[in-house]
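Per the working numbering, the sequence shown starts with residue 4, numbered consecutively.
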Amino acid sequence: MLPSLIRNLCSAGRQYLREPLMVSIAIVSLAIAMGAGTYLFGFVNLMLLTPPSGLQQPERLVDVGRTMEGFGFDTLSYPNYRDLAGQTTALAELYAWTSMPASLFDDDTTTRARLTLVTGNYFDALGVVPQSGRLLQRADSETPGDGAVAVASHAAFMRYLRGDAGRIGGAIELNGVELTLVGVLPAGFKGIDISGSADFYVPLTMALPIGRLSSDYFGVRDATWLHAGGRLAPAADIAGLQAELATLSAGLEAAYPDSNRAMGFTAEPLRLLPAPARIPLLIFTGLLFGLVGLVLLVAAGNVAGLLIARGEARRHEIAMRHVLGARRWVIVRQLMTEVFALAAVAALLGLGLAWSLDEIVAGIRLPAPLAIDLQVPFDARVFGFVLALCVLVAVLAGLLPALRVSKRSLQGAIAASSAQIAGSGSRFRNVMVSTQVAFTLLLLVFAGLFTAALQRAGEVDLGYDIENLHVAALDLRSSRYDAEDRHRIVRDVVEDLRRQGQVVSAAAGDVVPLTFSRLGFGGFLFDSGEPLGADVNIVTPGFFEALGIPVRGQAFSARHVGGSERVTIVNEVLARKLEPGGDVIGKTYRYGDPADPWLLRVIGVTPDGRYSRLDDTNIPFMYLPSAQMDSRDTHVFVRSAAPAPEIARLIGAALRQADPQLAAPEVRSMEEIASLSLLPQRVAGGLAGALGALGTLLAALGLYGLLAAHVLSRTRELGVRLTLGASPRRLMRAVLWRGARLTLAGAVVGLALAIAFARLLDGFLFGLDAFDATAFLAATVLLLGIGLCALAIPARRVLRIEPQAALRHE
């Protein structure tokens, strides 16, 4: 068997060396498609198939979340978490956690740090052992407000505490609260999601003093703020856990119908990507896999056409092998070995391309507040995928050509003219070329739609101006500050910035647009019907001027303070929902908790905008004055043409002036934030464009090769017709029309496919019509133009045929 395989491989090498250009094009095109597919699979493997590292038996760990009416995956309230933890038997441990920014005050320096508050069983459930000292224990988180201890990550211990082992057992100060550092995590612990490990971990019960949260967070079932997860009991599995969670949720709904109505609980395997983001990622990567699959089919079609042409050239050789006793399956095996060799070379190159792409992507710093590690592990799953892709390509590209070529007989090979045989083989090539054209047009239409969507995104009226607008987060959770202190600090920082010559305007607000963040405090209450919900931002006077938002009516001013009449400003969508004609200015509405509602008077109306996401439309939105609210996570907005480092210096100086212990924040431009919200469209559009260009090249090569082979196989016939008086230009037009028919047929099929699948892109197009005529027309004209150029070269060869030489052909 092995000698036969070696002989077949040597034969494949000799065959391919005779056509180095076409074989190189086939290998490179396959390698690009396979490399893109391999990297995509590696990314999905990292996010959805591989559990986090540094944990004991990570396959036994699960995420637990809340559903509403059977849908979603959301956070839990503390009372519901406690009930689930006390009643579940399918989980050996159920833990809870939440994250927040923090300020570390050490050595007279304040530094921003990442803080995660966890239940005492968190590290026991994950199976993490300390590098030094001890980790958190159950006794550390029994009563809200107790447990003044902390654990540092290895990176934070080295960075902030300089790796000083003497600090273990000593005091550190987070958000103005003194804690005892009891241990350090091992370097191999990278956290349980893609955001990585926090800098410090403290007991969840310290959320009251450290996070300045009210006791309602621990006592109210409607306050959902905790992420949860657990470790399966030794004899349990996820299916059994799901059944138990369904039973427990039914019991909690019966016991607490007001807060738990239509609420359920579900579990998913613990993965790097949080459960709520998995479905969007699957949809997005599914779209990208579809694009890669299209160009892979185009490339496989090109290879199949090449093999058909080579098979026709080898018809006498194969027929002779039949006569000498070779069985058909032996010939098929040889031909498939040749295809596998080609696919294997392409797979190896594709694997190298995927590795190079991974190195490039891993080095990209996304405009995001967290440094996300996107290094794809090239593990057994990835290599298995490459092997499967290699087999698939070999079967797609080689099986049908091998079966066709292997059935040639010696008598048929001698009796049939080359034109007859080529005509028989070209029918399959005709289908492959038209298929290539169809799939390439589909890619080009998708690329055109994404390009048009990105252009539209740049022209979308956001409802505010992001040019020269910078944002910095202020963390005022420290226990040193009460509500009055926080208001004073924000007011002082904003006023200090306004006095700077480089600053055009400055203000503060809780929610940064286009960061997928939402804030709400209930809804507008009416005597009949459901409450009317709306997204909220808490802002200071001058916010609308800083963001360039026009206000019809009044904007917030210094007189809108605590103790004065509560007021609000709403957008046009909310105004029309409150009143049929949108006439709401001056009117008062009940808002918030039905048991203790606020009375809000509407003093202004703003145009509609894009709030949480760039594709937001018809979102009810309202603004509340910060002086009438208690805000801890506020952001400073600064409009200035100065560069970001200078803005950071100005904000840092203003913060130190307000309170020397405040840490300097990271400054980001709103243009960076907007570009991050466009990342999926940019990735999909760039990939569709690159693959569309590759597909167009392959389709053009396929058309060229088909027509060139057609002209070559009919040289004798064309010579006879020229001798009998046929016009060379008429023959050229006939040859050209043959290729044009295939191109047009493929274009029609491609347009039909594009129309059928365009709706899949609706969520990525920012309201652009998925059947945008410009994208369809541009893709069609581009492909037909390139196709005609590819056809023109072999068609013009008819004009150069010499009748006498043609009659001597073959």
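All C-beta atoms, glycine included, are put in the ideal place defined by N, C-alpha and C.
Proximal residues to residue i (C-beta, below 7 Å), its chain only, five neighbours per side dropped
i	result
Ser-420	Here the model assigns Ser-420 a pLDDT of 44, short of 50, so the residue's position is not dependable, and the following value carries that caveat. The answer is none, since no qualifying residue turns up.
Ala-782	Leu-444, Leu-447, Val-448, Gly-451
Ser-32	Ala-302, Asn-305, Leu-697, Leu-701
Tyr-84	Ala-99, Leu-229, Ala-231
Residue i burial status per 10 Å Cβ neighbour count (16 or more: buried)
i	result
Ala-561	exposed
Arg-63	buried
Gly-387	exposed
Glu-96	buried
Glu-341	buried
Ser-672	buried
Thr-92	exposed
Asn-263	buried
Ile-1	Here the chain has residues from 4 to 813 only, and residue 1 is not among them.
Arg-117	buried
Gly-73	exposed
Val-587	buried
Ala-350	buried
Pro-55	buried
Thr-250	exposed
Pro-797	buried
CB contact flag (residue i, residue j, <7 Å)
i	j	result
Thr-114	Leu-107	yes
Leu-447	Gly-695	yes
Thr-571	Leu-653	no
Pro-277	Asp-196	yes
Ala-210	Leu-184	no
Glu-575	Asp-538	no
Ala-231	Leu-79	yes
Gly-688	Leu-457	yes
Ala-36	Ser-437	no
Leu-517	Ser-680	yes
Gly-556	Gly-512	no
Val-496	Ala-661	yes
Met-632	Val-573	no
Arg-642	Ala-558	no
Leu-248	Asp-66	no
Ala-397	Phe-442	no
Contacting residues, own chain, Cβ-Cβ under 6 Å from residue i (five flanking each side not counted)
i	result
Met-435	Gly-304, Ala-307, Gly-308
Tyr-592	Phe-527, Leu-603
Gly-289	none
Ala-357	Gly-38, Thr-41, Tyr-42
Phe-287	Pro-683
Leu-299	Ala-36
Leu-352	Ala-34
Gly-194	Ser-200
Rounded C-alpha distance that separates residue i from residue j
i	j	result
Leu-794	Leu-785	14 Å
Ser-412	Gly-692	Since pLDDT at Ser-412 reaches only 45, below the 50 mark, its modelled position is unreliable, and no value is offered.
Ala-667	Pro-61	37 Å
Val-542	Gly-566	17 Å
Thr-146	Asp-202	24 Å
Val-348	Gln-337	17 Å
Leu-294	Tyr-42	13 Å
Gly-38	Pro-597	57 Å
Val-389	Leu-745	33 Å
Arg-281	Ala-270	13 Å
Ala-400	Val-394	10 Å
Pro-663	Ile-492	11 Å
Gly-150	Ala-239	32 Å
Tyr-220	Pro-82	9 Å
Asp-127	Phe-192	13 Å
Asp-261	Ala-476	36 Å
Val-379	Val-686	17 Å
Ser-520	Ala-656	28 Å
Sequence-distant residues of its chain with Cβ nearer than 8 Å to residue i (five each side left out)
i	result
Pro-189	Gly-57, Val-131, Val-132, Pro-133, Gln-134, His-157
Asp-77	Gly-68, Arg-69, Thr-70, Met-71, Thr-227, Pro-279
Arg-579	Gly-585
Phe-774	Ile-758, Ala-761
CB contact check: residue i to chain C, cutoff 7 Å
i	result
Gly-304	No chain C appears in this structure, which consists of one protein chain only.
**OP:** Please determine if the stretch 243-250 and the stretch 39-55 are in contact, where contact requires at least 3 C-beta pairs separated by less than 8 Å.
**Re:** They do not touch, by the three-pair rule.
Original post:
Is the stretch 603-621 close to the stretch 469-478, with three or more CB pairs under 8 Å?
Top reply: No: fewer than three Cβ pairs fall under 8 Å.
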